[in-house]
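Everything on this sheet refers to the single structure shown next.
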Amino acid sequence: MPQHVQEQALRFFSLLRQGVEAMVREHPEEELRAVVALSEQRHETTDDGLSNLQVESLRQ
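In this text, residue positions in the sequence shown follow numbering that gives the first Met the number 0: the first is 0, and each later residue adds one.
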């Protein structure tokens with residue numbers, strides 16, 4: 000994968016994580032549901048360091 004694409008993907012997911020963290024701070028009662036939902040998703044890292052969730056998003 001080209002370096003600039005990987006950098007854009009990592010930036011996107013960093014911003015997404017920040018947004019989720021902000022949402023959890025504003026709505027703590029939903030935190031447990033979010034944690035459970037994330038933990039139920041299988042999360043693996045590919046050889047190039049992208050998680051399977053990142054790869055799936057790039058395919059869309």
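The beta-carbon is built from N, C-alpha and C at its ideal position, and this holds for glycine as well.
All values reported here derive from a predicted model rather than from experimental measurement.
Other residues of its chain near residue i: CB distance less than 6 Å, five sequence neighbours each side excluded
| i | result |
| --- | --- |
| G18 | none |
Alpha carbon of residue i to alpha carbon of residue j, nearest angstrom
| i | j | result |
| --- | --- | --- |
| F12 | E28 | 23 Å |
| M0 | L15 | 21 Å |
| R24 | A33 | 12 Å |
| A21 | A8 | 20 Å |
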